[in-house]
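Novice: Before I ask anything, here is the structure I am working with.
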Amino acid sequence: MSLKIVVCVKQVPVSNNLKIDPNTKNLIRSGEIGVMNPYDKNAIEEALRLKDEWGGEITLLSMGPSNFEMTLREGLAMGCDEAILLSSRKFGGADTLATGYVLSQAIKQLGDVDLVLFGRQSVDADTSQVGPIVSEFLDWPQITFVSELDGPINQMMTATRLLENMQQKIEFQLPAVVTIRKELNEPRYPTPRNIQQSYRKTIRVWDETSLSVDEERIGLKGSPTVVRDVWAPEKVAKETIALKGSPDEAVRELLIQLKASNLL
Ligand SMILES: Cc1cc2nc3c(=O)[nH]c(=O)nc-3n(C[C@H](O)[C@H](O)[C@H](O)COP(=O)(O)OP(=O)(O)OC[C@H]3O[C@@H](n4cnc5c(N)ncnc54)[C@H](O)[C@@H]3O)c2cc1C
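For the sequence shown, counting from 1, position 232 maps to 1708 in our numbering; every step adds exactly one.
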């Protein structure tokens, strides 16, 4: 069976380049230097492997400002077929719920999608919520933290979920939403030919008028999460005692210090 796969990708700031708006407490994303969320490369790699095996097409989907095109271009250069950027002022300020809602409406609009792949989490907001939220809006099965994926045979796939203290093997029916762990594969590098071809492809840009969306559920309006404050943790320099003398003397002194601090 040939597969119609959507891979959702997010552009994340280069970590030493983060700026927070002091009033809104949101990340300032305009003009930021961004890179593709690293886990999303594993999702793209899995989509490419499935396409190599079964045929089909891969659509990249991202919601964000226009500079997110950089990341979509990188995904096209890895070998994906097309890319759609969901971009509008009205989508701005979205929390995970509003992000998931808009992504799911775009997936519905694409139609006949068999599989939606996500990275396991973003490396900036880190919530791991967007994939599961999209699956709820689509009312499709969700399989998270996947480290092995097999099939499909007769619309059924098998996945291994790698959890903290156990592995879980799950069989599920397509269409489905799967979030991918980095243990699944090694993402490929774009080839010079694919890089060249990626610049010949047009990235479609959809806004709220291109989708069937309830405007109360998008952007800030549709975001029940409120960031009350954002701050960097205070760095506290701990007192350090250097023990002098021979190793024996130092150990004796260490025992005295530990007893004095009621640690022994
Ligand atoms: C109150 C609040 C206000 C916010 N305001 C803004 C804002 O103004 N502007 C802004 O850009 N962000 C804003 N954010 C952050 C934004 O909501 C999250 O970055 C976004 O919802 C994704 O969540 P996450 O990064 O935790 O993704 P996770 O759930 O950790 O990501 C899992 C996977 O979902 C996919 N994914 C995540 N985000 C996207 C996306 N945008 N497009 C496609 N795929 C995606 C990727 O595959 C990723 O690997 C705000 C967050 C909060 C809580």
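Beta carbons: idealized from backbone N, C-alpha and C, even for Gly.
Under a three-way DSSP split, which group does Q1618 fall into?
Specialist: In the structure shown, Q1618 sits in a strand (DSSP, three-state: E or B).
Novice: Tell me whether G1510, by its Cβ, gets closer than 7 Å to a heavy atom of ligand 1.
Specialist: Answer for G1510: no, Cβ out of range of ligand 1.
Novice: Would you mind working out which of N1499, N1518, V1485 and Q1581 sits nearest T1535, comparing C-alpha positions?
Specialist: The candidate whose alpha carbon is nearest that of T1535 is V1485.
Novice: May I ask you to report which of helix, strand or coil DSSP gives M1512?
Specialist: Strand at M1512.
Novice: When DSSP labels each residue in this structure, what does L1734 get in the three-state scheme?
Specialist: Here L1734 sits in helix by DSSP.
Novice: Quick one: is the Cβ of F1594 within less than 7 Å of any heavy atom of ligand 1?
Specialist: Yes, the beta carbon of F1594 sits closer than 7 Å to at least one heavy atom of ligand 1.
Novice: Are the Cβ atoms of M1539 and V1511 separated by less than 8 Å?
Specialist: Going by C-beta atoms, M1539 is not nearer than 8 Å to V1511.
Novice: Around the Cβ of D1741, are there at least 16 other Cβ atoms within 10 angstroms (buried) or fewer (exposed)?
Specialist: Nothing can be reported for residue 1741: it is not among the residues displayed for the chain, which extend from 1477 to 1740.
Novice: Got a sec: does ligand 1 put a non-hydrogen atom nearer than 7 Å to the Cβ of K1495?
Specialist: Incorrect: K1495 has no Cβ contact closer than 7 Å to ligand 1.
Novice: Between R1657, E1640 and M1632, which has its C-alpha nearest I1646's C-alpha?
Specialist: The shortest C-alpha separation from I1646 is found at M1632.
Novice: Name the one or two DSSP bridge partners that M1539 has.
Specialist: L1562.
Novice: Looking at A1570 and ligand 1, is the gap between the Cβ and the nearest heavy atom below 7 Å?
Specialist: Flag set: Cβ of A1570 near ligand 1.
Novice: Using DSSP bridges, identify the partner residues of E1647.
Specialist: E1647 is bridged to T1634.
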